[in-house]
Structures are given as C-alpha cells and as structure tokens.
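S.K.: I am attaching a structure below and will ask some questions about it afterwards.
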Amino acid sequence: MRGKIGQFLFDGMMTLLAAIAIDRFCPEPLRGWCRNGWQIIGNAMEEVVHWIGRLFH
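My numbering puts the first residue of the sequence shown at 64, with every later residue one more than the last.
Shown next as structure tokens:
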C-alpha cells in the first residue's frame, strides 16, 4: 500500500514537472495549445465536481 501511494505521488510530481517544463521552454504555438488543453481539462473537472455536488445534494 505504501508503495502505491509513493508511486501516485511520484507520478503526480513528474506530471507537474513536465507541465512546468512545457510551459517554460516550448515554442509559442505549442505553449498556446497546451494552455488551451489545460483550460479545457480544468473546465471539465469543474463541471464533474458540480455534477457530483448536485448528485449528492
């Protein structure tokens, strides 16, 4: 169990590091595409949270 939690944290940190590297060092067209992708994912996650909130309210 401890190994799974450690792997989850490691995967999360590596994903965050990759996102920071892409935002910092990529050329502008790719950077804009990544930002739009992050916004789309964030909006979708927000909608899921609201839907779950309405489901249990």
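Ideal placement from N, C-alpha and C gives every residue a C-beta, glycine not left out. The structure displayed is predicted, hence computed values, not measured ones.
Please state the DSSP three-state secondary structure of C97.
M.R.: In the sequence shown, counting from the first residue as 1, residue 97 sits at position 34. Looking at C97 - three-state DSSP - the assignment turns out to be helix.
S.K.: Report, in whole angstroms, the separation of the C-beta atoms of I85 and C97, which I expect to be a contact under 8 Å.
M.R.: Here residue 85 corresponds to residue number 22 of the sequence shown, with the count starting at 1. Here residue 97 corresponds to residue number 34 of the sequence shown, with the count starting at 1. About 5 Å; that satisfies the 8 Å criterion.
S.K.: Work out the CA separation of N106 and G66 for me, nearest whole Å.
M.R.: As a working note, residue 66 is residue 3 in the sequence shown. As a working note, residue 106 is residue 43 in the sequence shown. Distance between the alpha carbons of G66 and N106: 32 Å.
S.K.: Alpha carbon to alpha carbon, how far is M76 from I68? Give it in angstroms, no decimals.
M.R.: Here the question's residue 68 lines up with position 5 in the sequence shown. Here the question's residue 76 lines up with position 13 in the sequence shown. I68 and M76: Cα-Cα distance of roughly 12 Å.
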